[in-house]
Structures are given as structure tokens and as C-alpha cells.
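Here's the structure we're looking at; comments come further down.
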Amino acid sequence: MTIQEIQEEIISDFSVMGSWEDKYEYIIQLGKELPLIAEEYKTPDNLIKGCQSRVWLHTELKDGKLFFTGDSDAVITKGLVSLMIYVLSGHTPQEIATSDIYFINAIGLSSHLSPTRSNGLLSMLKQMKLYSIAYQAKINQQ
Amino acid sequence: MEHIANITTGLDIAQIRKDFPILQQQVHGKPLVYFDNGATTQKPQVVIDAEARYYEEYNSNVHRGVHHLSQVATDAYEKARHIVAGYINAAHSHEIIFTKGTTDGINLVANTMSRRFLKAGDSVIISSMEHHSNIVPWQIACEEAGATLKVIPITEKGELRMDVYESMLDDTVKMVAVTYVSNTLGTVNPVQDIIALAHARNIPVLIDAAQAIQHISIDVQALQPDFLVFSGHKIYGPTGTGVLYGTTEWLNKLPPYQGGGDMIKTVTFAKTIYNELPYKFEAGTPNIAGSIALGTAIEYLQQIGLPEIQQREEALMAYAMQELRKIDGIRFIGDAKNRSGVISFLVHNIHPFDMGELLDQQGIAVRTGHHCTEPLMDLFQVPGTVRASLTFYNTKEEIDKLVAGVKRAASMLL
Chain S
1 MTIQEIQEEI ISDFSVMGSW EDKYEYIIQL GKELPLIAEE YKTPDNLIKG
51 CQSRVWLHTE LKDGKLFFTG DSDAVITKGL VSLMIYVLSG HTPQEIATSD
101 IYFINAIGLS SHLSPTRSNG LLSMLKQMKL YSIAYQAKIN QQ
Chain P
1 MEHIANITTG LDIAQIRKDF PILQQQVHGK PLVYFDNGAT TQKPQVVIDA
51 EARYYEEYNS NVHRGVHHLS QVATDAYEKA RHIVAGYINA AHSHEIIFTK
101 GTTDGINLVA NTMSRRFLKA GDSVIISSME HHSNIVPWQI ACEEAGATLK
151 VIPITEKGEL RMDVYESMLD DTVKMVAVTY VSNTLGTVNP VQDIIALAHA
201 RNIPVLIDAA QAIQHISIDV QALQPDFLVF SGHKIYGPTG TGVLYGTTEW
251 LNKLPPYQGG GDMIKTVTFA KTIYNELPYK FEAGTPNIAG SIALGTAIEY
301 LQQIGLPEIQ QREEALMAYA MQELRKIDGI RFIGDAKNRS GVISFLVHNI
351 HPFDMGELLD QQGIAVRTGH HCTEPLMDLF QVPGTVRASL TFYNTKEEID
401 KLVAGVKRAA SMLL
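Heads up: the sequence lines are chains S and P, in that order. Just so you know, we're using UniProt numbering here: the first sequence kicks off at 1 and counts up by one. Just so you know, we're using UniProt numbering here: the second sequence kicks off at 1 and counts up by one.
Here you go:
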């Protein structure tokens with residue numbers, strides 16, 4: 001699936017959830033299920049520090065595609081990290097760098113991407129895009 | 001249930017709540033429950049009106065024009081100073097300096113104090129429970145002077161180790177700066193003793209009253225701090241307003257902080273003669289509308305009656321503690337005997353951000369995070385806390401909603 005198709009799938013999943021409880025229970029579940037990032041990758045370099053919760057992000061390039069793993073000390077943030085990884089992981093740096101991420105707004109969680117929220121999610125998205133641009137530049141040089 | 005009865009003081013809370021337009025609104029489709037009063041309090045309509053009236057009817061610069069409007073504005077601005085002086089029982093109105101807020105006031109004192117009175121080998125005492133704004137200005141001052149910053153430790157309950165404080169007071173100490181009420185723990189510190197012990201050695205004391213001024217009656221002539229600072233927005237006034245109280249003696253001894261208009265008597269390129277108090281410390285056009293509205297906020301408080309407010313807040317606090325204690329897995333960060341305003345807690349191992357997020361969805365506003373007291377969070381080894389801070393317009397029903405909201409969030413997160 002393309003990045004856009006995955007986002008559409010998430011939006012469709014969320015559209016059937018009636019109450020805020022359903023929405024958050026789903027996100028919390030995703031957070032609990034997110035495969036743990038290997039302890040060795042929980043380095044200060046991989047830490048995206050928000051004011052409220054901390055987010056770790058590890059990036060790997062395999063066969064021309066970027067793969068992300070991540071973690072957070074807050075479970076709701078972790079659920080959102082999980083969604084972001086689900087959308088962006090496994091695509092080429094070019095696709096990630098040029099992607100338009102709109103699902104967060106569409107599922108009614110736009111406040112999580114405001115800079116004042118400082119939960120690390122916005123910083124994480126920026127970091128993912130920066131990595132993909134850096135990897136793209138590296139690929140172009142080869 | 002005895003506390004519930006106590007909450008019924010002489011105050012007509014339903015009527016009082018109508019004075020605060022913001023309290024009538026809904027958040028996420030639920031009536032707003034506002035428990036973030038420690039961050040900022042809501043404003044009564046009279047304060048909003050006072051600020052608007054200045055711009056509508058007599059906007060003009062103060063202390064400058066001979067024309068009518070300037071005179072009206074100056075009178076209103078100086079009346080506000082007078083109201084503040086009366087509220088804390090300052091001996092003179094000129095001991096009230098209008099600032100941008102608590103942070104501004106502390107920076108003013110730390111900066112001017114260190115320029116004139118702090119040198120290498122000296123030290124400044126603060127406490128472990130200070131807000132960053134009563135840490136960083138002193139750190140900067142000490143670094144520049146080559147002085148040392150010393151920190152009074154606290155107990156596990158979040159109370160100051162007064163025995164250690166006493167032993168810290170030696171000849172190197174040039175300043176003591178401590179908070180009256182901790183913004184994170186709610187601890188009310190024994191400021192009377194802190195000041196008396198320092199004064200016995202001729203050491204001046206600054207009291208950060210940001211979390212005290214709206215809850216506790218303060219008489220500066222009885223308490224005798226050399227400096228006392230607070231923010232207008234935490235006492236039902238506008239943001240960007242604040243007060244530095246200083247004794248005439250100290251304010252005269254300190255050099256000016258910022259240079260500019262209004263703080264001068266005469267200026268030539270060779271030499272400037274500074275204005276007298278309080279104008280010496282109010283360079284530039286001040287927040288005229290804000291300071292006037294701050295005066296209105298204090299008058300509003302005085303009309304309701306601080307003793308009545310204090311009595312109600314103590315009853316609400318006792319009820320909140322009693323009900324929160326019943327929540328499975330709750331632990332309080334700071335459990336001081338003498339407390340005011342704020343309750344910090346964690347439930348099981350739930351991250352404060354997650355708790356805050358799910359409370360928000362239920363229309364309940366609390367603060368989560370480190371509350372600008374990172375060293376304190378390190379001390380308690382927590383990433384942050386959930387902080388509910390209450391004030392007299394809160395109700396028992398709102399506390400019940402908070403308790404139910406915390407339980408609901410915990411059941412979703414665990």
C-alpha cells in the first residue's frame with residue numbers, strides 16, 4: 001500500500017469509532033502492542049525530547065527502503081508513534097520525504113501535532129522526514 | 001462527610017461562578033472543570049471590563065502628558081499601586097513596583113543585587129522546591145559574580161529541612177530567595193522563620209509569593225521580607241502584570257535594572273539622574289491597562305473577603321485530599337502538613353501525560369509535566385506529576401468529577 005492508501009485505511013477505521021473512549025482505547029491498545037525498540041537503540045541520539053513525554057526513534061535503510069522503530073514513555077504517545085510508523089515505515093526515502101501526512105487531522109487528533117503540545121509527535125514526524133531527505137541525498141550521491 | 005459541610009461557607013458560589021464568563025463554557029462537549037489555577041486563574045468580568053474600559057475611555061500614556069486623558073490614566077495607574085500596597089499592607093505605595101510578572105521581579109532583584117552586592121566567594125541560598133524562575137536568575141547572577149548557589153534540601157514529604165537551612169547561614173550568604181508555597185508540592189513554607197533566621201545575620205530575603213498571594217493573607221510589615229514578588233494573572237488579574245514589593249531601604253540601595261523613559265529625572269549625554277521610587281524601576285511605558293485591571297482584581301478579592309476565600313479553599317483542599325486518597329494506586333508527590341492550592345499525584349505507573357490527556361477528554365483541565373521544577377522531579381525520581389490546583393470558585397461537585405475522571409482514565413490505561 002502507498003502512504004496515502006495506508007492513511008485512508010486508518011481514517012476509515014477511526015470513522016466507525018463513535019466515542020472518544022473507543023478512539024483512545026484503540027490508540028492505547030496500539031501503544032501497548034508496539035514492538036519494543038531494542039534497548040541498544042534507546043540512545044540519547046535517538047531521543048526526541050518533548051516537554052511532556054519522551055519519544056525514541058530508530059531508522060534503518062534496507063533494500064532502498066526506510067524502516068522505523070520507536071518507543072515512548074507515555075502509552076498514548078506510543079500509540080500515535082505506532083500509527084506514524086505504520087504509515088511511513090517500509091517506503092523509499094523519496095516517498096517519505098514528499099508525503100503529505102494528513103491522517104492525524106482527519107481522525108480528530110490534530111492537537112497532537114501542535115508545537116505547544118510538545119509530546120514529541122511533531123518532532124518525530126519532522127525527524128522522520130529529515131532522515132528520509134538525508135538518506136535520499138546519500139542515495140543520489142551513489 | 002464532615003468536610004462537605006465545612007465547604008458551605010458564607011459565599012454564594014453559584015453567584016460567584018457567574019462572575020467568571022469562561023467557567024460557563026463546554027470543553028469536548030462537557031462542562032469545563034478547571035483545576036489548573038496554579039498555572040493561571042480565570043478572570044472575573046469586572047477585571048475584563050476594567051482592562052477594556054481603559055482602552056475605550058482613557059487610553060493615554062502615564063506620568064507624561066499634561067492633558068486630561070493622561071491625568072486620568074495616571075490617576076488610575078497610581079490608584080492600582082495604592083490598592084496593591086493596601087492588599088499586602090506595604091508601608092508606602094512607592095514600595096510597589098509594577099512588573100511583567102514573578103519572573104520579571106526575580107530577574108530585577110537578582111540582576112541589580114548581584115551587580116552591586118555579590119562578589120566572588122559569596123553565596124546565595126534557594127531551596128530544592130523552587131520554580132525555575134527562582135533558580136535560573138540566581139544561577140546567572142552567581143555565575144557572573146563568581147558566587148555559589150546553595151540549595152536547602154527537603155524531606156520526603158516535601159518540607160524544607162529548616163535545621164540544615166540554619167546551618168547554611170554563614171558569612172558568605174548575601175541573599176536568601178525562597179518560595180512561600182511550592183507550585184508543585186503545595187507545601188506552605190515557614191517563611192516567617194526563614195526571614196527571621198536570615199535577618200539575625202543581616203541577610204536580605206526574597207519571597208516568591210506567586211502561589212501564595214491568591215490564597216494566604218500577607219502583611220509585609222509583619223512578615224518583613226526585603227522583597228516579595230508575585231504575578232497578576234495568578235490572582236485573577238491580566239497576564240503580563242506583576243508586582244515587586246521591596247523595602248524603601250533596599251529599593252534605594254539597588255541600581256536601576258533597565259534604562260529608558262520614565263525612570264529618569266534628567267538626562268544629558270554626560271550623566272543621567274535617575275527618578276525616585278517607584279519610577280526608577282519602571283522604564284518605558286508600563287502595562288497600564290493590565291496594572292489597572294490588576295487593581296480591580298484585588299478589589300474584587302477584597303470584596304469577597306480573603307478570610308472567607310481561605311476558609312473555603314482549605315475545606316475544598318481537605319475534601320479533595322480525602323476523596324483522591326481513595327483512588328487505588330494513587331500516590332501524592334509532596335505530602336506536607338501545611339499545604340495550599342495544589343495537589344500533585346501519580347496513579348500506579350501511569351505517565352502523567354496519558355492521565356492529563358484522558359482527563360482533558362472529559363472536560364477536566366489539569367497540569368501535567370515537571371511544572372518548571374525539574375530538579376524537584378529528579379529528587380522524587382518521577383518524570384512529572386499530574387497537578388490539580390484549586391481555588392475558591394471550584395466546587396465539591398468538580399472534585400467528584402475529577403476523582404471519577406481519574407478512575408475512568410486509570411481503568412482505560414491499566
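Here a beta-carbon is modelled for each residue, glycine too, at the ideal position from N, C-alpha and C.
Contact annotation: the stretch 289–299 of chain P touches the stretch 227–244 of chain P, with at least three C-beta pairs closer than 8 Å. In the three-state DSSP reduction, residue 347 of chain P falls in the strand class (E or B). Contact of residue 53 of chain S with chain P is assigned, a C-beta pair being separated by under 8 Å.
In this structure, residue 195 of chain P places its C-beta atom within 8 Å of the C-beta atom of residue 205 of chain P.
Residue-level contact by beta carbon holds for residue 76 of chain S and chain P, with a gap shorter than 8 Å.
Assignment of residue 131 of chain S by DSSP, reduced to helix, strand and coil, places it in the helix class. Taking a C-beta cut-off of 8 Å against chain P, the contacting residues of the stretch 13–43 of chain S are 20, 21, 24, 25, 28, listed in chain order.
The beta carbon of residue 289 of chain P sits closer than 7 Å to those of 51, 54, 55, all from its chain and outside the five residues before and after it, given in chain order. The Cβ neighbour count for residue 233 of chain P, taken over all protein chains shown within 10 Å, is at least 16; the residue is labelled buried. Going by C-alpha positions, residue 163 of chain P is about 48 Å away from residue 79 of chain S. For residue 412 of chain P, the C-beta contacts it makes with chain S under 9 Å involve 21, 24, 25, 28, in order along the chain. Within the stretch 346–362 of chain P, those residues whose Cβ lies closer than 7 Å to any Cβ of chain S are, in chain order, 351, 353, 354, 357, 358, 361. Beta-bridge analysis with DSSP links residue 71 of chain S to S:56. The three-state reading of DSSP puts residue 107 of chain S in coil, since its state is none of H, G, I, E or B. Between residue 57 of chain P and residue 248 of chain P a beta carbon distance of about 34 Å is seen, past the 8 Å cut, so the two are scored as non-contacting. In terms of beta-carbon proximity, residue 131 of chain P stays away from the interface with chain S, with every pair separated by 8 Å or more.
Among the residues of chain S, those whose CB is under 7 Å from the CB of residue 383 of chain P are 73, following chain order. Neighbours of residue 371 of chain P in chain S, taken as residues at a C-beta separation under 7 Å, are lacking, since the least C-beta distance is about 11 Å. Assignment of residue 199 of chain P by DSSP, reduced to helix, strand and coil, places it in the helix class.
Neighbours of residue 199 of chain P in chain S, taken as residues whose beta carbon is under 7 Å from its own, are absent, since the nearest beta carbon is some 39 Å off.
Under the three-state reduction of DSSP, residue 177 of chain P is assigned to strand. By the Cβ-count criterion, residue 28 of chain P is exposed, with fewer than 16 other Cβ atoms from all chains shown falling within 10 Å of its own Cβ. Non-local C-beta neighbours of residue 10 of chain P in its own chain, meaning closer than 8 Å and more than five positions away in sequence, comprise 308, ordered along the chain. DSSP places residue 98 of chain P inside the beta strand (DSSP E), whose first and last residues are 96–99. Taking a C-beta distance under 8 Å as the contact criterion, residue 186 of chain P and residue 343 of chain P qualify as a contact pair.
Between residue 82 of chain P and chain S, the shortest Cβ-Cβ separation is not below 8 Å. Per the coordinates, the alpha-carbon of residue 8 of chain S lies some 17 Å from the alpha-carbon of residue 90 of chain S. Residues 58, 60 of the same chain have their beta carbon placed closer than 6 Å to that of residue 69 of chain P, with the five preceding and five following residues left out of the count. If only uninterrupted alpha helix (DSSP H) runs of at least 4 residues are considered, those enclosed by the stretch 199–265 of chain P are 220–223, 248–253. For the stretch 22–51 of chain P, the beta-carbon criterion of a distance under 8 Å to any beta-carbon of chain S is satisfied by 28.
Across the structure, residue 392 of chain P and residue 312 of chain P are spaced so that their CA atoms are roughly 6 Å apart. For residue 98 of chain S, the enclosing alpha helix (DSSP H) has its first and last residue at 93–98.
Here residue 383 of chain P is actually not in contact with residue 348 of chain P; their C-beta atoms are around 14 Å apart, not less than 8 Å. Annotation: residue 106 of chain P is outside any beta strand (DSSP E); the continuous alpha helix (DSSP H) that includes it extends over 102–117.
Taken in chain order, the unbroken stretches of beta strand (DSSP E) that lie wholly in the stretch 339–384 of chain P and span 3 residues or more are 342–347, 367–369.
Sequence-distant partners of residue 226 of chain P (beyond 5 residues in either direction) whose C-beta falls short of 6 Å from its own C-beta, in its chain, are 204, 205, 247, 250.
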